[in-house]
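Q: Top line first, the protein sequences correspond to chains S and F. According to the numbering used here, the first sequence holds residues 17 to 141 in order. According to the numbering used here, the second sequence holds residues 398 to 1215 in order. For reference, the structure I am asking about is given below.
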Amino acid sequence: MNQEADHMNAMTGNWISLGALDDIPLRGARRVVRGDLAIAVFRTGDDSVRAIEDTCPHRKGPLSQGIVHGDCVTCPLHNWVISLETGVAQGADEGSVRTFRVRVGKSAEVLLCADDLDADVKCRA
Amino acid sequence: MKKRLVIIGNGMAPGRVLDELFEHAPDLYDVTIFNAEPRVNYDRIMLSPVLSGEKKYEEIIIHGDAWYVDHGVELLKGEKVVNIDRDAKTVTSENGVTAEYDKLIVATGSLPIVIPVPGHDLPGVLTYRDLDDVTAMLLAAKSGGKAVVIGGGLLGLEAAAGLKERGMDVTVLHLMPTLMERQLDAAAGHLLQSTLEARGIDIKTGANTAEILPQPNNKGVRAVRLEDGTEIDADLVVMAVGIRPNAQLAKDAGLKTNRGILVDPQMRTSDPDIYAVGECVEFDGKVYGLVAPLYQMAGVTARELMGDANDGFSDSALATKLKVTGVDLYSAGDFADGETREEIVLRDAANGVYKRLVLEDDKIVGVVLYGDTADGGWFFQQIKDGTDISGMRDTLIFGPAYAGGEALDPMAAVAALPDDAEICGCNGVCKGKIVGAISEKGLSSLDDVRAHTKASASCGTCTGLVEQLMSLTLGEAFDPDAVSPMCGCTDLSHDDVRRLIKAKELKTIPAVMQTLEWKSSCGCAKCRPALNYYLVCDWPDEYADDYQSRFINERAHANIQKDGTYSVVPRMWGGQTSSSELRAIADVVDKFNIPTVKVTGGQRIDMLGIKKEDLPAVWADLGKAGFVSGHAYAKGLRTVKTCVGTDWCRFGTQDSTGLGVRIEKFMWGSWTPAKVKMAVSGCPRNCAEATCKDVGVICVDSGYEIHFAGAAGLDIKGTEVLGLVKTETQALEHIVALVQMYREQGHYLERIYKWAKRIGYDEVRRQIMDDAEKRRAYFDRFVFSQKFAQVDPWSERVSGKDKHEFKPMATLSLQAAE
């Protein structure tokens, strides 16, 4: 069993391709929409990808428009800092957003776990 | 009646006398100061950082003009005293100003030694002593070329490093075999030499200057010839071979002098009503040039003037630090070899560390540290205390963290210091005084402690120790980051970062973070936009703007609203518009179903509630009607508001609309630390409300009155007057220069009124109104920067730039998960 297959096994489920990794600017984000749901897909400085709900727990600001630093994003409306990994607000602020599994596939495409789309999970550590 | 105190000289020593006098007995004397230099009291120790560009003159002022006013001191600038009449008890200046005294302090300082070789009086031969010397060196360095520094002591090396930093090719000539031989042993001298050589400074030791050769027309220098015949090309020669006390005035007055003015331990000269302090003094056969003993003299003199008993001045061991960024060097005491002396040496060649302790009778008598000087103060304390080190000799060289088996925690070492341990060598401030001041006066910031105790207020190298003391005294309540750092990713302040970006020529965000040792991997939402702006401002042609470090408004070139939609404001030059423009706006509003249209405070039309996806199409339609971005979202030039001026108004004195349009067309597109809003009013009735803007113009019959530093937001503040100019073109030049000065000095997100208050309105006026050369240089730098900034971001995006910004990456069907 090669490593890639091993990797796939560890991440069972249905994966949807969102496009190429290079479509997301480094330390930036793109928006993915599905009905009323908006997801922010981030590419961090070390080239990993993260996906969280594109709605700040504070006043619903679009997190995809914020400044990405380390594994966090700062909301463009009122500077809340949200962890891209856990979706939890950092520092003194309290709140969290949904997270979605996302990864980079074999040909550098961004894959989103379809199973997470309908699961109403507030926070996935 | 108050007694009259007259002081001749306005250097650091008399400044300190007055500080102490006013602290304890503010009402005892009427004070008059004669200063041959045309300025206030500044920190001479910090001239080298000014030369190298790490500090500005304004930052090294000890007593600003206001201080003299506040304390009722009459400061006579540019008045050189030429006569002391001891019988009449008066002094008289060159210009004939006479003052009577009850007590007189002579503080005439020192003169640089000039080696009388042929050519020493040519233009282009400078000394290194005061701000005028630094100014002259900076002027010479502007045109680049070669500099020769004669003298490899403290001052010579600082001058050499500064000139190198300013872009000159520098050669240091030193008579002795190793550098700084009075403060360093040979080994450290060689280490220093190789460090400086690695920075590209050429060093010749054992070099005896024979002659300075002129240019053919005698208008400057061409080369320096050494005794062995070697010629070294030079456009500038700096003599930094030492100083001698300036005792002539005292001598002419019949006071006893030798090399310097002779004083007793109470700093009294041979005339009991006349004191002498500072570098002009000779005490017990010695003259002094370092700040610590001079401040000790000042303390004694102040006590004497108050009639307090005191121990008098005494000669003690001295410590020296070289102020060249990146070179850590410390020496104190006496480190000559001797039969009764032993030494402990630690060398770590790979890390460039050298430490040497000289011991005599189980006591430290001298210390030389190179590369790692953190323990210098502690060793110096052991020298002064005459501590018996036999019990900790094995670990002594590793400093207080190990000596005597103490804990490794640096705080423990500071906590263990006795109350009389000296923390600030420059100002002679001990631990007890600092701790006492913190608790008694409830001080909580470093600036407060500096203001009250003077600790770390001169050369600043003991800042870390002072902070540790604050932390010890205040516990959790002390936050060393409270004042300055730009964010949690660094300990450096905005000023530090801006200075180092220039000094170290840092031209990318990663380079800044690497070189300045950022604590986070890629910064945060506070520092990244700031750094991006500083780099855009400082390197307009070389730096590639990092959009991911900009706030969304500047990335999307529109203003994000509370619901995630955007607002769009097209530019209307000077607030003027036309039927075709209005028609185009109306069409766009209809076509894109824009819910709200609003007239802004800056005389523009704002369209609110536009979906991000629609932005490029909105801009495309607006572009066809001739609109460009109004930058209503930018930390940059926003709007120039105008009234109709002489075009229509019966009161108008000038073409205010025309000037507003001209300013806006000249300056649009420029990035600034925070938003810049301007206005031009055609008469003092001020219909354009120019007097609460960042920059405003009030037209009058005789020209254009330029205003700045107003605010009408979180704070409300009327403008300050910059000055009156005659023509529109002059008005434009002054405004542009002012904004460029702000661009270069402002902290990110700091509006003009805060910046101007911080650096002083007079300073802005001095640089923009009074100094034509400086103004022109600011203007030229702005014009250069505009070459790269004046690109309409909307049309760029209409043609496809940053497409990704405006569309979703993917739109998933609701069935996707199945």
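The C-beta atom is built at its ideal place from N, Cα and C for all residues, glycine as well. It should be emphasised that the depicted structure is a prediction, and the values quoted were computed from it without experimental measurement.
Cβ of I609(F) within 8 Å of Cβ of P515(F)?
A: Taking the second sequence and counting its residues from 1, the one referred to as residue 609(F) is at position 212. Taking the second sequence and counting its residues from 1, the one referred to as residue 515(F) is at position 118. Yes, Cβ-Cβ distance for I609(F) and P515(F) is below 8 Å.
Q: Is the beta carbon of I671(F) less than 8 Å from the beta carbon of L501(F)?
A: For the purposes of this step, residue 671(F) is taken as the residue at position 274 of the second sequence. For the purposes of this step, residue 501(F) is taken as the residue at position 104 of the second sequence. Taking 8 Å as the Cβ cut-off, I671(F) and L501(F) qualify as a contacting pair.
Q: Using a 10 Å radius around the Cβ and a threshold of 16 neighbouring Cβ atoms, would you call Q911(F) buried or exposed?
A: In the second sequence, the residue the question calls residue 911(F) occupies position 514. The residue in question, Q911(F), is exposed, as its Cβ has fewer than 16 Cβ neighbours within 10 Å.
Q: Can you find the residues in the same chain that come closer than 6 Å, C-beta to C-beta, to D1199(F), ignoring five residues on each side of it along the sequence?
A: Counting from one through the second sequence, the residue named residue 1199(F) turns up at place 802. Cβ within range, chain order: n/a, list empty.
Q: Check the Cβ-Cβ distances between E914(F) and every residue of chain S, and say whether any is below 8 Å.
A: For this step, residue 914(F) is matched to residue 517 along the second sequence. It does not; no Cβ of chain S falls within 8 Å.
Q: Beta carbons nearer than 8 Å to chain F: which residues of the segment 90–115 of chain S have them?
A: Result list: T90, P92, L93, N95 and V97.
Q: Are the C-beta atoms of V118(S) and some chain F residue less than 8 Å apart?
A: Mapped onto the first sequence, residue 118(S) falls at position 102. No, its Cβ sits nowhere closer than 8 Å to a Cβ of chain F.
Q: Using a Cβ cut-off of 8 Å, pull out every chain F residue sitting near R47(S), in sequence order please.
A: Walking along the first sequence from the start, residue 47(S) turns up at place 31. In chain order: P1205 and M1206.
Q: Any idea if W1191(F) is buried or exposed, counting beta-carbon neighbours within 10 angstroms, 16 or more meaning buried?
A: Counted from its first residue, the second sequence places residue 1191(F) at position 794. Classification for W1191(F): buried.
Q: Return yes when the Cβ of D87(S) is within less than 8 Å of the Cβ of T60(S), no when it is not.
A: For the purposes of this step, residue 60(S) is taken as residue 44 along the first sequence, with counting starting at 1. For the purposes of this step, residue 87(S) is taken as residue 71 along the first sequence, with counting starting at 1. Yes, they are a contact pair.
Q: Please list the terminal residues of the continuous alpha helix (DSSP H) segment that includes G35(S).
A: Residue mapping note: residue 35(S) aligns to position 19 of the first sequence, counting from 1. Note, G35(S): premise wrong, no alpha helix (DSSP H); beta strand (DSSP E) at W31 to A36.
Q: Which residue spans inside the segment 539–584 of chain F form an unbroken alpha helix (DSSP H) run of at least 4?
A: If we require 4 residues or more, the alpha helix (DSSP H) runs fully inside the segment 539–584 of chain F come out as 551–562.
Q: Quick one: measure Cβ to Cβ for Q663(F) and V697(F), integer angstroms, because I've assumed they're closer than 8 Å.
A: Taking the second sequence and counting its residues from 1, one reaches residue 663(F) at position 266. Taking the second sequence and counting its residues from 1, one reaches residue 697(F) at position 300. Q663(F) to V697(F), Cβ: 6 Å. Contact.
Q: Taking only the alpha-carbon atoms, compute the straight-line gap between L588(F) and K601(F) and give it to the nearest angstrom.
A: Numbered from 1 along the second sequence, position 191 holds the residue referred to as residue 588(F). Numbered from 1 along the second sequence, position 204 holds the residue referred to as residue 601(F). Near 14 Å, if we compare the C-alpha coordinates of K601(F) and L588(F).
Q: CA-CA distance, Y944(F) and R952(F)?
A: Working through the second sequence from its first residue, we reach residue 944(F) at position 547. Working through the second sequence from its first residue, we reach residue 952(F) at position 555. Straight-line Cα distance between these residues: approximately 6 Å.
Q: Return yes when the Cβ of P613(F) is within less than 8 Å of the Cβ of L519(F), no when it is not.
A: As a working mapping, residue 519(F) is identified with position 122 in the second sequence. As a working mapping, residue 613(F) is identified with position 216 in the second sequence. No, Cβ-Cβ distance for L519(F) and P613(F) is not below 8 Å.
Q: For the beta strand (DSSP E) containing K1123(F), name the first residue and the last one.
A: Taking the first residue of the second sequence as 1, we reach residue 1123(F) at position 726. Neither: K1123(F) is in no beta strand (DSSP E) and is coded neither H nor E.
Q: List, from N- to C-terminal side, the alpha helix (DSSP H) runs of 4 residues or more that fit wholly inside the segment 764–816 of chain F.
A: Here the runs fully enclosed are 773–782 and 807–813.
Q: Would you list, in chain order, the members of the segment 66–85 of chain S that have their beta-carbon closer than 8 Å to a beta-carbon of chain F?
A: So the list reads R75, K76, G77, P78, Q81, G82, I83, V84 and H85, given in the order they occur along the chain.
Q: Give the straight-line distance between the Cα atoms of G1042(F) and D1052(F), rounded to the nearest whole angstrom.
A: The count along the second sequence starts at 1 and reaches residue 1042(F) at position 645. The count along the second sequence starts at 1 and reaches residue 1052(F) at position 655. About 5 Å.
Q: Interface residues of chain S around G920(F) at Cβ under 7 Å?
A: On the second sequence, position 523 is the one that residue 920(F) refers to. By Cβ distance, chain S contributes H85.
Q: Using CA coordinates, which residue listed in L554(F), I835(F), G542(F) and Q973(F) is at the minimum distance from V1062(F)?
A: Counting from one through the second sequence, the residue named residue 1062(F) turns up at place 665. Here residue 1062(F) is Lys; the residue named in the question, Val, does not match the sequence. Ranking L554(F), I835(F), G542(F) and Q973(F) by Cα distance to K1062(F) puts Q973(F) first.
Q: Does the Cβ-Cβ distance between L687(F) and V674(F) come in under 8 Å?
A: Translated into positions along the second sequence, residue 687(F) becomes position 290. Translated into positions along the second sequence, residue 674(F) becomes position 277. Against a cut-off of 8 Å, the Cβ pair of V674(F) and L687(F) comes out as no contact.
Q: Kindly list, in the order they appear in chain F, the residues whose Cβ is closer than 9 Å to that of G35(S).
A: Taking the first sequence and counting its residues from 1, one reaches residue 35(S) at position 19. The contacting residues are M1206 and A1207.
Q: Just the C-alpha distance for V635(F) and P574(F), rounded to the nearest angstrom, thanks.
A: As a position in the second sequence, residue 635(F) is number 238, starting the count at 1. As a position in the second sequence, residue 574(F) is number 177, starting the count at 1. Whole-angstrom Cα-Cα distance: 20 Å.
Q: Taking C-alpha atoms, which residue in E1147(F), E456(F), F431(F) and A818(F) lies nearest to M443(F)?
A: Mapped onto the second sequence, residue 443(F) falls at position 46. The shortest Cα separation from M443(F) among E1147(F), E456(F), F431(F) and A818(F) belongs to E456(F).
Q: From N1083(F) to E978(F), what distance separates their C-alpha atoms?
A: As a working mapping, residue 1083(F) is identified with position 686 in the second sequence. As a working mapping, residue 978(F) is identified with position 581 in the second sequence. Using only the alpha carbons, I get a separation of about 27 Å.
Q: In chain order, what residues of the same chain have a beta carbon less than 6 Å from the beta carbon of V1097(F), not counting five sequence neighbours either side?
A: The count along the second sequence starts at 1 and reaches residue 1097(F) at position 700. Hits under 6 Å: T1050.
Q: Does the beta carbon of H23(S) come closer than 8 Å to any beta carbon on chain F?
A: Against the first sequence, residue 23(S) aligns to sequence position 7. Note that H23(S) scores 45 on pLDDT, short of 50, meaning its location in the model is unreliable; the coordinates nonetheless yield the value given after this. So no, H23(S) is outside the interface.
Q: To test your reading of the DSSP string, which unbroken alpha helix (DSSP H) runs of 4 or more residues are found completely within the segment 880–954 of chain F?
A: For the segment 880–954 of chain F, whole alpha helix (DSSP H) runs of length 4 or above, ordered along the chain, are 891–900, 906–912, 924–935 and 949–953.
Q: Would you say S964(F) faces chain S, with C-beta separation under 8 Å as the test?
A: The residue given as residue 964(F) occupies position 567 in the second sequence. No, because no Cβ of chain S sits closer than 8 Å to the Cβ of S964(F).
Q: By Cβ distance, which residues of its chain are closer than 8 Å to F1048(F), with the 5 residues on each side in sequence left out?
A: Residue numbering aside, residue 1048(F) sits at position 651 when the second sequence is read from its first letter. These residues qualify, in order along the chain: G1079, C1080 and R1082.
Q: If you draw a straight line from the C-alpha of A533(F) to the C-alpha of L523(F), how long is it?
A: On the second sequence, position 136 is the one that residue 533(F) refers to. On the second sequence, position 126 is the one that residue 523(F) refers to. For A533(F) and L523(F), the distance between alpha carbons rounds to 8 Å.
Q: Terminal residues of the continuous alpha helix (DSSP H) containing Y692(F)?
A: In the second sequence, the residue the question calls residue 692(F) occupies position 295. Counting along the chain, the alpha helix (DSSP H) containing Y692(F) begins and ends at V688 to M703.
Q: Do T568(F) and D530(F) have their C-beta atoms closer together than 8 Å?
A: Numbered from 1 along the second sequence, position 171 holds the residue referred to as residue 568(F). Numbered from 1 along the second sequence, position 133 holds the residue referred to as residue 530(F). No.
Q: What first and last residue would you give for the beta strand (DSSP E) that runs through R738(F)?
A: Here residue 738(F) is taken as the residue at index 341 of the second sequence, counted from 1. Here the beta strand (DSSP E) through R738(F) covers R738 to D745.
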